[in-house]
Amino acid sequence: MQNKNWPGLFLLTASLCVPTVQAMGLRSFVALPVDKGGKVVRLQYQRNTSTNTDVLTGNAAYGISGKQTLLFGLPYRVSPAGSDRTGDLSALYRHIVWQDDTAEGTRRLGLLGGVVIPTDSDRDARLQAGAVATFYKGRTEWDIDALWIQGLDDTSNQARYDIAWQYRLSPAVYPDWGIEPEWALDLELGGRWDEGNTMVHQATVGLQSIHRQWVFEAGVVQDLNGPDDTRLIFSTRFHF
Amino acid sequence: MKRLLLTYSLLVLAWSNPLSAEQIEIDVHGMTCAFCVDSLQRNLGKLPDVESAEVSLKLKKVRIETVGDTVDIERIKQTVLDSGFTPVKISPLPDAK
Chain A
19 MQNKNWPGLF
29 LLTASLCVPT
39 VQAMGLRSFV
49 ALPVDKGGKV
59 VRLQYQRNTS
69 TNTDVLTGNA
79 AYGISGKQTL
89 LFGLPYRVSP
99 AGSDRTGDLS
109 ALYRHIVWQD
119 DTAEGTRRLG
129 LLGGVVIPTD
139 SDRDARLQAG
149 AVATFYKGRT
159 EWDIDALWIQ
169 GLDDTSNQAR
179 YDIAWQYRLS
189 PAVYPDWGIE
199 PEWALDLELG
209 GRWDEGNTMV
219 HQATVGLQSI
229 HRQWVFEAGV
239 VQDLNGPDDT
249 RLIFSTRFHF
Chain B
6 MKRLLLTYSL
16 LVLAWSNPLS
26 AEQIEIDVHG
36 MTCAFCVDSL
46 QRNLGKLPDV
56 ESAEVSLKLK
66 KVRIETVGDT
76 VDIERIKQTV
86 LDSGFTPVKI
96 SPLPDAK
């Protein structure tokens, strides 16, 4: 890859990494329930082994109420070096508009709206809107989300979707009382579209180590078409 | 319909009055993983009339040991709601001591 291409590549990558529409899967954030006054922070490292690009993304969530959450994300390109390393700041508001909690699990629907704020004067802002749905029963959870990102001025439009399936590997049966660490398998299908290009579909396979106040997760993301890139993801999130 | 109304009335009565008990159990719906419910346990533990709180993902319950022998049910109910879950039923427990 020529050096002159990497700023644009990073911008595209950064926009793809912005955790704007992400559920509780490896690549997701927005379906995570956050209690009122609660705060969740996630640090995610992603390495594109095809382009040798490393990006560190910081995410934060704050619970305004049991149904309202603010979600933020900011990527930073670790390598290659050079200018334009800081991506654009994503700010999303999530409102759970429907929730059906049962003894077996929960079903929820949330609406998303927000902006992408450029950190460079050469880039324009974007508006974003979408929805996220969660279905949880027994040991299985589905998180489905979609987001439209409207470019302003000369900025292109974007869109993305994610379908995440998580299955609790252990424990098979919870203890009667107390909170025990868990392991979960995560499989995802996602799509990323940038105006003027075809939708790139991606498959993700990952593992999550879930504890009371922190989660560590790792996985592999493979493009199913288009660039045919492979990415490794390592992330940790904790709440307080 | 009558049965539903009666059940609803009993629940409203239970929720609206302070409860006299040292241990209570709350049925909570919507609880999923460890990361999700830890905040509920901690938030309940911070309440002034709660000595300790323990969650059961298996039984879908929260067990609370109170400081005195009365507890503000409305505040507990709101704490569960603020944590993103649904409180369903509350039951005083026999004194374990």
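Protein chains in written order, with the working numbering: chain A, 19 to 258; chain B, 6 to 102. Positions of the beta carbon are idealized from the N, C-alpha and C atoms, including for glycine.
Give the straight-line distance between the Cα atoms of residue i and residue j, rounded to the nearest whole angstrom.
| i | j | result |
| --- | --- | --- |
| A143/A | W116/A | 30 Å |
| D138/A | A58/B | 48 Å |
| W195/A | D246/A | 46 Å |
| T173/A | G89/B | 37 Å |
| I29/B | L130/A | 37 Å |
| R186/A | G214/A | 39 Å |
| I81/B | L50/A | 22 Å |
| L29/A | G128/A | Note that L29/A scores 36 on pLDDT, short of 50, meaning its location in the model is unreliable; the coordinates nonetheless yield the value given after this. Distance between the alpha carbons of L29/A and G128/A is about 28 Å. |
| P97/B | I78/B | 11 Å |
| A190/A | R230/A | 17 Å |
| S68/A | R157/A | 35 Å |
| V238/A | L250/A | 5 Å |
| D87/B | I82/A | 9 Å |
| T254/A | G73/B | 40 Å |
Provide the residue span of the alpha helix (DSSP H) that contains residue i, from first to last.
| i | result |
| --- | --- |
| V238/A | From DSSP, V238/A is part of no alpha helix (DSSP H) but of the beta strand (DSSP E) over W232 to D241. |
| L86/B | I78 to D87 |
| L49/B | A39 to G50 |
Beta-carbon separation of residue i and residue j under 9 Å?
| i | j | result |
| --- | --- | --- |
| L74/A | P98/A | no |
| I197/A | L62/B | yes |
| H257/A | S44/B | yes |
| L61/A | A236/A | no |
| Q86/A | Y111/A | yes |
| I95/B | D54/B | no |
| K54/A | A78/A | no |
| G35/B | G100/A | no |
| L205/A | Q176/A | no |
| T75/B | Y154/A | no |
| G224/A | L203/A | yes |
| A147/A | G132/A | yes |
| Q226/A | V233/A | yes |
According to DSSP, simplified to helix, strand and coil, what is residue i?
| i | result |
| --- | --- |
| I69/B | strand |
| L110/A | strand |
| L9/B | helix |
| D172/A | coil |
| W211/A | strand |
| Y10/A | Residue 10/A is absent from the model: chain A starts at 19 and stops at 258. |
| R178/A | strand |
| L64/B | coil |
| E206/A | strand |
| S57/B | strand |
| F153/A | strand |
| Q40/A | Bear in mind that the predicted position of Q40/A carries a pLDDT of just 24, short of 50, making it unreliable; the figure below should be weighed with that in mind. Coil, per DSSP. |
| L50/A | coil |
| P259/A | One cannot answer for residue 259/A here, as it falls past the ends of chain A, which runs 19 to 258. |
Note the first and the last residue of the continuous beta strand (DSSP E) segment covering residue i.
| i | result |
| --- | --- |
| T124/A | G123 to I135 |
| K94/B | T91 to P97 |
| D102/A | That residue, D102/A, is in no beta strand (DSSP E); it is neither H nor E in DSSP. |
| L61/A | K57 to N66 |
| F258/A | Here F258/A belongs to no beta strand (DSSP E), and DSSP marks it neither H nor E. |
| T222/A | V218 to I228 |
| N77/A | T71 to G81 |
| D32/B | Q28 to H34 |
When every heavy atom of the ligand FMN is checked, does at least one fall within less than 8 Å of the C-beta of residue i?
| i | result |
| --- | --- |
| S68/A | As far as ligands go, the structure on display features none, and thus does not contain the ligand FMN. |
Interface residues of chain C around residue i at Cβ under 9 Å?
| i | result |
| --- | --- |
| W195/A | The structure shown contains no chain C; its protein chains are A and B. |
Near-chain B residues of the region 82–102 of chain A (beta-carbon distance less than 9 Å), N- to C-terminal order: S83, G84 and K85
Proximal residues, the region 214–242 of chain A versus chain B, C-beta separation under 7 Å: I228, H229, R230, Q231 and V233
Contact list for the region 47–64 of chain B against chain A, Cβ threshold 8 Å: N48, E59, V60, S61, L62, K63 and L64
Interface positions of the region 179–192 of chain A facing chain B (Cβ-Cβ less than 8 Å), listed along the chain: R186, V191 and Y192
Contact set between the region 86–97 of chain B and chain A, restricted to residues whose Cβ is under 7 Å from the partner: L86, D87, S88, G89, F90 and T91
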